[in-house]
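J.: Handing you this structure, nothing more for now.
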């Protein structure tokens with residue numbers, strides 16, 4: 004099963020059932036786990052980048068994303084977005100996720116939590132460590148060395164038992180609104196969370212015209 008893991012069998016959010024179905028139907032396509040994440044950038048300007056889906060946080064609908072916490076130091080290369088810095092000032096984000104085989108699109112907006120090594124919440128640090136060890140060694144090695152272009156790659160081998168390095172940052176997007184479009188069936192559904200808070204799983208759904 005793609006992306007959602009075993010927890011997908013116990014879903015309560017109707018949009019997530021649709022998303023898991025789309026992930027399964029498009030699992031043969033490597034790019035099916037890539038989506039666009041839009042945030043509020045410097046000066047209130049929109050900022051967008053392609054990121055990789057790293058699964059759902061256990062027992063909730065929060066979507067997990069990895070990023071490099073060092074990006075805010077790359078002042079000489081503006082092409083590298085200061086995602087961590089943006090989110091600490093404006094923790095709002097929207098995912099746009101299109102599945103090319105099934106012709107389905109999900110727009111998922113909500114609040115993004117930045118979890119780096121400086122977090123004072125033990126539960127969040129534990130979640131960060133768990134996602135670190137769930138990543139491949141190739142993925143973990145990307146957080147070594149310097150993040151900007153033209154700098155030699157570090158050849159030092161990373162010990163598999165080594166915990167998260169300082170550069171590794173976990174982002175979790177807590178969905179508040181989901182717009183779903185199926186272009187094959189000409190169907191559009193809009194989902195809204197009816198209550199705020201981490202424990203809320205109550206959603207209202209309504210059909211809409213394309």
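In the numbering used here, the protein residues as written are 4 to 213. Cβ atoms here follow ideal geometry from the backbone N, Cα and C, with glycine treated the same way.
1. Please classify residue 104 as buried or exposed, where buried requires at least 16 other C-beta atoms within 10 Å of its C-beta.
2. What does the alpha-carbon distance come out to for the pair residue 145 and residue 206?
3. Should residue 52 and residue 39 be called a contact, given that it needs their Cβ atoms to be closer than 9 Å?
4. Return helix, strand or coil for residue 17, following the three-state DSSP convention.
5. With a threshold of 8 Å, are at least 3 pairs of Cβ atoms found where one atom belongs to the region 100-115 and the other to the region 166-186?
6. Which of helix, strand or coil does DSSP assign to residue 169?
7. Cα-Cα, which of 148, 142, 210, 107 is closest to residue 27?
8. So residue 95 and residue 70 are supposed to be a Cβ contact under 8 Å. How far apart are they, rounded?
9. Could you check which residue in 127, 100, 91 has the C-alpha nearest to that of residue 182?
T.: From the atom records:
1. exposed
2. 38 Å
3. yes
4. helix
5. yes
6. coil
7. 107
8. Actually they do not touch by this definition, with Cβ atoms about 16 Å apart.
9. 100
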